[in-house]
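Numbering (UniProt numbering), first residue to last: 1 to 355. Positions of the beta carbon are idealized from the N, C-alpha and C atoms, including for glycine. For clarity, every value in this text was computed on a predicted model and none was experimentally measured.
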């Protein structure tokens, strides 16, 4: 920045005016940082809130005076977004650097201790690492099952056959149910006394069959329930790509006597590849948050604890709010890495298509 530019911007920062948003930001930072460090949590909360309101008011006045009416029109939506999403994220991020329990009134700054406690061999770290490993296992198994089943269902429903419409509605029904309803349904389905699965196995092999008695059975039960519920979501995305394939391409391939595999790989797959990647991204992100089915079916027993369920136990049951916030941001980091990997692969594919 040149001397002339500094001379132009510096006085603007020092001018006391209702529309001077630069001065409002500077005052907000100078007041908020000491307030968070020195004042009690209740007092610092209102001080920081007042500083945020001051900065927002400065932006609104500046937009009104400069006639940025477009910005004023979207300001309410931005305010709601900040209150409902951005502020809780920033608040929980700050909370992860403190030692705070929701059942106690004391709070103190501990820096990165909560993150080192989560990621190293301290106290609950073995449980955390085991939950992370289980989460990775569930991500691979559930997403793979959903992608395979959803893809096969989409290939089936892409063709016309009798009762297709009614069968499609029936297949989409699990996705419309709440997770609690699906979990309760599979609880009865797997019940060793009067469950349908146990009855069928008992009639064939004899003896009582308890699916949830081992880790392999518990994992299989959770994976089957999750795939039953969310495979239709993958099917819808893939089906949208299948119905968009021009029919004349298949007609030309039939004239040239192209094999079925060649038709799929050269005609069908390019149209559904992007949607498959999108479904993979969405279901992978959701699989990292798998907790409800685990709670309903096993309650974490038989070594089926996931990191999301571990977070619930630490934050809610053990009242370790700061440690729970640290775990949540570790999960957020992993999701961001996966999302960036997806965007990188998608951009590389687009560059190949353009060249």
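Residue i, enclosing beta strand (DSSP E) - first and last residue
i: residue 99; result: 98 to 100
i: residue 108; result: 107 to 109
Beta-carbon spacing of residue i, residue j below 8 Å
i: residue 19; j: residue 55; result: no
i: residue 304; j: residue 298; result: yes
i: residue 249; j: residue 154; result: no
i: residue 172; j: residue 157; result: no
i: residue 174; j: residue 246; result: no
i: residue 45; j: residue 21; result: no
i: residue 310; j: residue 227; result: no
i: residue 63; j: residue 71; result: yes
i: residue 92; j: residue 315; result: no
i: residue 394; j: residue 128; result: Outside the shown range of the chain, which is 1 to 355, sits residue 394, and nothing can be said about it.
i: residue 182; j: residue 216; result: no
Alpha carbon of residue i to alpha carbon of residue j, nearest angstrom
i: residue 320; j: residue 263; result: 56 Å
i: residue 229; j: residue 51; result: 46 Å
i: residue 86; j: residue 193; result: 49 Å
i: residue 195; j: residue 301; result: 20 Å
i: residue 68; j: residue 49; result: 25 Å
i: residue 308; j: residue 329; result: 12 Å
i: residue 34; j: residue 42; result: 14 Å
i: residue 83; j: residue 95; result: 17 Å
i: residue 143; j: residue 351; result: 27 Å
i: residue 160; j: residue 258; result: 22 Å
i: residue 37; j: residue 213; result: 51 Å
i: residue 137; j: residue 162; result: 39 Å
i: residue 267; j: residue 252; result: 11 Å
i: residue 90; j: residue 74; result: 22 Å
i: residue 65; j: residue 26; result: 21 Å
i: residue 240; j: residue 132; result: 34 Å
i: residue 200; j: residue 135; result: 30 Å
i: residue 346; j: residue 109; result: 41 Å
i: residue 286; j: residue 342; result: 15 Å
i: residue 205; j: residue 190; result: 16 Å
i: residue 371; j: residue 180; result: Coverage of the chain is limited to positions 1 through 355, which leaves residue 371 absent and any answer about it impossible.
i: residue 197; j: residue 256; result: 49 Å
i: residue 170; j: residue 237; result: 17 Å
i: residue 123; j: residue 331; result: Low confidence applies to residue 123: its pLDDT is 46, below 50, so where it sits in the model is not reliable enough to give any reading.
i: residue 81; j: residue 269; result: 38 Å
i: residue 76; j: residue 244; result: 38 Å
i: residue 152; j: residue 261; result: 15 Å
i: residue 23; j: residue 57; result: 12 Å
i: residue 209; j: residue 130; result: 28 Å
i: residue 16; j: residue 107; result: 36 Å
i: residue 28; j: residue 88; result: 18 Å
i: residue 141; j: residue 254; result: 37 Å
i: residue 339; j: residue 207; result: 47 Å
Contact belief for residue i with residue j at Cβ below 8 Å, rounded distance in angstroms
i: residue 337; j: residue 279; result: Rounded, the Cβ-Cβ distance is 19 Å, inconsistent with contact.
i: residue 118; j: residue 317; result: The pair is not a contact, with the Cβ atoms about 17 Å apart (cut-off 8 Å).
i: residue 139; j: residue 284; result: 6 Å
i: residue 282; j: residue 334; result: Their Cβ separation, rounded to whole angstroms, is 15 Å, which puts residue 282 and residue 334 out of contact at 8 Å.
i: residue 39; j: residue 47; result: 7 Å
Residue i - containing alpha helix (DSSP H), residue span
i: residue 202; result: 196 to 205
i: residue 261; result: 260 to 263
i: residue 71; result: 69 to 81
i: residue 317; result: It is not in any alpha helix (DSSP H) - residue 317 carries neither H nor E in the DSSP assignment.
i: residue 307; result: 307 to 312
i: residue 29; result: 21 to 38
i: residue 185; result: 179 to 189
i: residue 117; result: 113 to 119
i: residue 165; result: 164 to 176
i: residue 303; result: From DSSP, residue 303 is part of no alpha helix (DSSP H); its letter is neither H nor E.
i: residue 215; result: 215 to 242
i: residue 289; result: Residue 289 -> no alpha helix (DSSP H), and no H or E assigned at all.
i: residue 247; result: 247 to 255
i: residue 90; result: 87 to 95
8 Å Cβ cutoff, residue i in contact with chain C
i: residue 37; result: No chain C appears in the structure shown, which is made up of a single protein chain.
Inset, instruction - Decide yes or no for the touch test of the segment 111 to 119 against the segment 91 to 100: beta carbon pairs closer than 8 Å, at least 3 of them. - result: yes
Legend entry - Contact between the segment 267 to 274 and the segment 284 to 300 (3+ Cβ pairs under 8 Å): no
Inset, instruction - Count the C-beta pairs between the segment 220 to 229 and the segment 168 to 186 that are closer than 8 Å, then say yes if the count reaches three, no if not. - result: The segment 220 to 229 and the segment 168 to 186 touch, with no fewer than 3 CB-CB distances between them shorter than 8 Å.
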